[in-house]
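To convert, note that position 176 of the sequence shown is 176 in our numbering; the numbers rise steadily by one, no gaps.
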Amino acid sequence: MPEWVEVYDNEDVLVATRERVGRLTVLTALFAGALLSFAPLLVLHTEYGLLWVGLASALFFGGVGWAALDYLHQRCVVWCVKLSMKQVVGYDYARRTLHLAWPDVARIELDADGLLIVGRGPAPLPTVLKIPHQYPDFAALSHRVVEYAEAHRVEVHVDGQPLDTLDVASVFGVEA
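Structure representation (structure tokens):
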């Protein structure tokens, strides 16, 4: 018997993520070009040339480190999500497939930015699917993810708090 799969997508998320990665790439290339171009001039023509090159190198590596972290975050953003009872599959800006079987999902996090599906992978880089709230049917998508998570006994967190310990009145700003 075939398995039912629900598909949610948003090409605006794809375009925005590709634009962001493109800007990161251009920025990194500009930093590298500037460092390689000005380093010899600074060393040869100023008294404190090595100091300036050291400062420029520190700025360059700091900028590249920031860009690399942002790039890793962008790889988690999915523009297409396929949900089934067995797994969650997402596609990133380069149309790479990120998939997690429900038993491999550690937790679901819902916050103001969207929905995170976090895998049980190795500690430094577990598989993460980030679903931004810009999806036109984000409410239906998030409800389905929570339903599947509850069926597989996966923890669901809302703004950092486990769903079962959440005070609904505080979420909606109602005083008890």
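The beta-carbon is built from N, C-alpha and C at its ideal position, and this holds for glycine as well.
Since the model is a prediction, treat every value here as computed from it, not as a measurement.
Beta carbon of residue i nearer than 8 Å to that of residue j
| i | j | result |
| --- | --- | --- |
| S84 | V5 | yes |
| R95 | V154 | no |
| V81 | L125 | no |
| T127 | G119 | yes |
| F60 | A32 | yes |
| Y93 | Q74 | yes |
Nearest-angstrom Cα separation, counted from residue j out to residue i
| i | j | result |
| --- | --- | --- |
| H152 | V88 | 12 Å |
| V145 | V77 | 16 Å |
| L35 | R23 | 18 Å |
| G63 | Y135 | 31 Å |
| F138 | H157 | 17 Å |
| I131 | V7 | 13 Å |
| G121 | D104 | 8 Å |
Cβ neighbour criterion (16 or more within 10 Å) applied to residue i
| i | result |
| --- | --- |
| V26 | exposed |
| T97 | exposed |
| L129 | buried |
| V15 | exposed |
Neighbourhood of residue i by C-beta, 8 Å cutoff - its chain only, sequence neighbours within 5 removed
| i | result |
| --- | --- |
| E11 | W79 |
| P162 | E155 and V156 |
Residues of its chain near residue i, where Cβ-Cβ distance is below 6 Å and the 5 sequence neighbours each way are ignored
| i | result |
| --- | --- |
| E109 | L116 and H157 |
| W102 | H152 |
| A149 | I108 and V156 |
**Asked** Mind pulling the beta strand (DSSP E) runs of 3 or more residues that sit fully within the stretch 35-88?
**Response** Within the stretch 35-88, the complete beta strand (DSSP E) runs of at least 3 residues are 80-83.
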